[in-house]
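Engineer: According to full-length UniProt numbering, numbering within the sequence shown proceeds without interruption in unit steps and concludes at 585. Beta carbons are placed, not taken as given, at the ideal position from N, Cα and C, and that holds for glycine. No experiment lies behind these values; they were computed from the predicted model shown.
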Amino acid sequence: QDGGGKLRGDNKVFSATTTVTVNVEDVQDTPPMFIGTPYYGYVYEDTLAGSEVLTVVALDGDRGKPNSIHYCIVNGSEGSFEIGNTTGAISVIKSPNQLKKEVYELKVQASEVSQEGDVSVHAFAMVTIRVVDLNNHPPTFYGENGPQNRFELTMYEHPPEGEILRGLKITVNDSDQGANAKFNLRLVGPGGIFRVVPQTVLNEAQVTVIVENSAAIDYEKFKVLTFKLLAIEMNTPEKFSSTADLVIRLLDTNDNVPKFSSDYYIARIPENSPGGSNVVAVTATDPDSGLWGEVKYSIYGTGADLFLIHPSTGIIYTQPWAVLDAEVNSKYNFYVKAEDTDGKYSLAEVFITVLDVNDHSPEFNENIQEKTMIIGSPVKIEAIDQDAEEPNNIVDYSIMQADPANVFDIDQSTGEIKLKSYIRSLDIIHNITKKKDCIWSVVVQAKDRGSPSFSTTAVLKIDITEETLHKGPMAAFLMQTKDNPMKALGVLAGVMGIMVLITIMISTAMFWRNKRSNKIMPVRRIIKKRQTPQSRTIRMEWLKFKRPSSAAEKFVVEDDAKSLHNENSNNNIQVAPVPPTAPLP
């Protein structure tokens with residue numbers, strides 16, 4: 001371009017252009033550069049050893065005359081990966097199952113190599129390789145010697161609750177990684193006896209079995225307990241699982257007492273059974289095994305003196321010298337004991353009834369020889385049978401012989417003898433017999449209802465008389481006790497004793513004794529009122545016997561004594577009883 005000037009009146013500047021080409025020659029002054037960073041690669045669980053994972057690429061920064069690039073792994077491989085020297089291809093050199101890490105961080109170096117073979121500059125890049133689990137391993141149980149699907153243990157029954165079964169050494173493992181290795185652990189079998197911990201496992205855990213219900217671990221119920229250990233994956237679609245048998249053999253302990261078949265035993269044995277007779281057999285069982293299950297029997301108690309028991313069979317029998325008599329003792333009660341060899345025992349009660357045997361005949365009372373019968377009133381005979389039970393001791397009465405036979409009737413049950421209903425006076429009796437004394441001899445029989453039946457006969461003399469016209473309780477009493485004077489004497493003595501006691505009580509209440517003068521004084525002052533004397537006649541007749549007015553009349557009793565209690569109590573008059581007069585000859 002020029003400096004310009006005037007042209008045709010204008011100021012003009014003229015210029016010219018041209019193209020200049022400059023060639024720049026490259027010099028090796030730029031390091032190599034990795035293309036496509038960052039680098040990520042994946043190794044799947046089923047990848048074969050030697051398979052290529054990924055390829056890294058680096059270029060020489062000098063474009064004119066680029067040098068060749070060589071690759072190497074600086075660190076992070078742990079011998080599991082390799083890289084192509086010139087290609088940059090990274091390969092896995094081990095089986096994925098042998099890879100110990102889930103993620104590998106590789107440091108890769110790219111170096112420029114000149115045509116002369118000299119290494120000039122370097123560049124570095126990080127490569128991340130993740131090992132991917134494909135969930136192709138189920139959980140597996142291991143014992144001390146490797147994988148195992150059956151575990152056995154021997155232990156005593158009834159261990160304490162919360163105790164760990166220390167004889168079991170079980171490990172469970174899932175070789176997968178992450179969520180694929182998470183699984184549940186359960187114990188399948190009779191519920192509530194044991195529990196397993198842990199219940200959730202990630203990769204691997206030691207299996208522990210703990211006692212939950214000691215009572216259910218019973219040798220008498222289950223000699224062998226069988227369970228299954230179940231491990232099942234939680235969060236995988238495949239839900240891989242595995243099982244292992246757990247067999248627990250129980251050992252017996254003496255945890256049971258002998259038990260009788262009944263809480264009480266009731267037995268019966270006839271009286272007069274010979275010594276050594278069997279009475280009853282008791283049975284007790286102990287479910288324990290061996291010596292612990294052996295039972296020995298014994299008896300004790302106040303009622304066991306006449307009995308023995310076989311220590312092994314439990315048969316109760318009478319002593320060789322024992323004599324059982326239902327009339328002496330018909331009930332025996334004692335305890336039987338069943339004991340094992342370790343001293344554990346239980347009791348049962350035994351009730352033995354001695355059955356009555358009809359071995360006694362009825363016996364009449366001693367005063368049966370003679371009875372006095374008043375016409376219209378019966379006389380009673382009584383016989384006692386010493387047997388203990390009915391019907392052996394029930395007595396029936398009958399008249400075996402009487403002359404004439406149509407004079408008396410007898411009540412079969414009570415033994416009351418009375419005249420026939422048409423006999424109402426001695427005159428009728430005199431028309432029947434020529435006897436003047438009206439004394440009959442009657443053969444009576446007392447017979448029990450046992451089988452066989454026993455009977456006793458006796459001759460009864462009945463003196464028949466008429467009732468007197470002068471009736472009174474004392475006369476009736478003396479007539480009834482004519483054949484038993486001791487009974488009458490006893491009753492009279494009792495009446496006299498009561499009267500003396502009443503007199504002493506009244507005297508104690510009305511009078512007191514002065515200790516100084518030893519005089520008897522009234523308890524309180526008595527003011528006597530004069531009364532107009534009145535004639536009073538007291539006539540008391542105790543007993544008056546008269547001669548019989550006829551041949552049929554034996555004696556007469558008069559009892560006209562009247563009570564003066566109301567009048568005498570007002571005047572404090574004590575009237576002594578008049579002693580009885582002797583009977584007239």
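1) Are there any heavy atoms of the ligand MN lying less than 7 Å away from the beta-carbon of residue 219, as far as the coordinates show?
2) Quick check: the Cα distance between residue 77 and residue 21, rounded to an integer number of angstroms?
3) Could you give the DSSP three-state label for residue 254: helix, strand or coil?
4) Measuring alpha carbon to alpha carbon, tell me which of 148, 328, 71 and 466 ends up nearest residue 654.
5) Can you tell me whether residue 40 is buried or exposed? The criterion is at least 16 other CB atoms within 10 Å of its CB, across all chains shown.
6) Rounded to the nearest angstrom, what separates residue 337 and residue 252 at their Cα positions?
7) Are residue 49 and residue 139 close, meaning C-beta to C-beta below 8 Å?
8) If distances are taken between C-alpha atoms only, which option among 120, 266 and 358 comes closest to residue 68?
9) From residue 447 to residue 262, what does the alpha carbon distance come to, in whole angstroms?
10) Which one of 291, 268 and 285 has the shortest CA to CA distance from residue 318?
11) If distances are taken between C-alpha atoms only, which option among 462, 508 and 176 comes closest to residue 100?
12) Taking only three categories from DSSP, how would you classify residue 97?
13) Over the uninterrupted beta strand (DSSP E) stretch that includes residue 187, give me the two end residues.
14) Helix, strand or coil: which one does DSSP assign to residue 310?
15) If you reduce the DSSP assignment to three classes, tell me which class residue 3 lands in.
16) For the region 302–320 against the region 364–381, are there 3 or more C-beta pairs whose distance is under 8 Å?
17) Using DSSP with H/G/I as helix, E/B as strand and the rest coil, what is residue 19?
18) Looking at C-alpha atoms only, which residue of 328, 341 and 95 is the closest neighbour of residue 355?
19) Buried or exposed for residue 532, please, with buried defined as at least 16 other CB atoms from any protein chain shown within 10 angstroms of its CB.
20) Assuming residue 106 and residue 129 form a contact by the criterion Cβ under 8 Å, report the distance between their Cβ atoms to the nearest whole angstrom.
21) Quick check: the Cα distance between residue 137 and residue 288, rounded to an integer number of angstroms?
22) In this structure, how does DSSP classify residue 86 when only helix, strand and coil are distinguished?
23) On the three-pair Cβ rule with 8 Å, is the region 187–195 touching the region 278–294?
24) So, for residue 432: in the same chain, excluding its five sequence neighbours on each side, which residues have a beta-carbon less than 7 Å away from its beta-carbon?
25) Based on Cα-Cα distance, which residue from 32, 63 and 80 lies nearest to residue 53?
26) Can you tell me which of 504, 316 and 500 puts its alpha carbon nearest to the alpha carbon of residue 265?
27) Quick one: which unbroken beta strand (DSSP E) runs of 3-plus residues sit fully inside the UniProt domain "Cadherin" (261–364)? Chain order, please.
28) Three or more beta-carbon pairs under 8 Å between the region 202–218 and the region 153–162, yes or no?
29) With distance defined between alpha-carbon atoms, name the residue in 178, 108 and 126 nearest to residue 132.
30) How would you call residue 198, buried or exposed, if buried means at least 16 neighbouring beta carbons within 10 angstroms?
31) If you follow the alpha helix (DSSP H) that residue 430 is in, where does it begin and where does it stop?
32) Grouping DSSP H, G and I as helix and E and B as strand, with all else coil, what is residue 366?
33) What alpha helix (DSSP H) runs, 4 residues minimum, are completely inside the UniProt domain "Cadherin" (35–141)?
34) Report back the beta-carbon spacing between residue 58 and residue 84 to the nearest angstrom; my notes put them in contact at under 8 Å.
35) Do residue 464 and residue 440 count as a contact pair if the criterion is CB distance below 8 Å?
36) Buried or exposed: which applies to residue 38, given that a residue is buried once 16 or more other Cβ atoms fall within 10 Å of its Cβ?
Structural biologist: Answer, in terms of the structure:
1) Only the bare structure without any ligand can be found here, which leaves the ligand MN out of the picture.
2) 51 Å
3) coil
4) The question about residue 654 has no answer here: the residues shown for the chain are numbered 1 through 585.
5) exposed
6) 24 Å
7) no
8) 120
9) 42 Å
10) 268
11) 176
12) helix
13) 182–188
14) coil
15) coil
16) no
17) coil
18) 328
19) With a pLDDT of 47 at residue 532, under the threshold of 50, the modelled position of that residue is not reliable, and the figure given next carries that caveat. That one is exposed.
20) 7 Å
21) 47 Å
22) coil
23) no
24) 404 and 407
25) 80
26) 316
27) 264–270, 278–281, 296–300, 307–309, 315–318, 331–339 and 345–355
28) yes
29) 178
30) exposed
31) 426–432
32) helix
33) none
34) No, residue 58 and residue 84 are not in contact; Cβ-Cβ is about 12 Å, not under 8 Å.
35) yes
36) exposed
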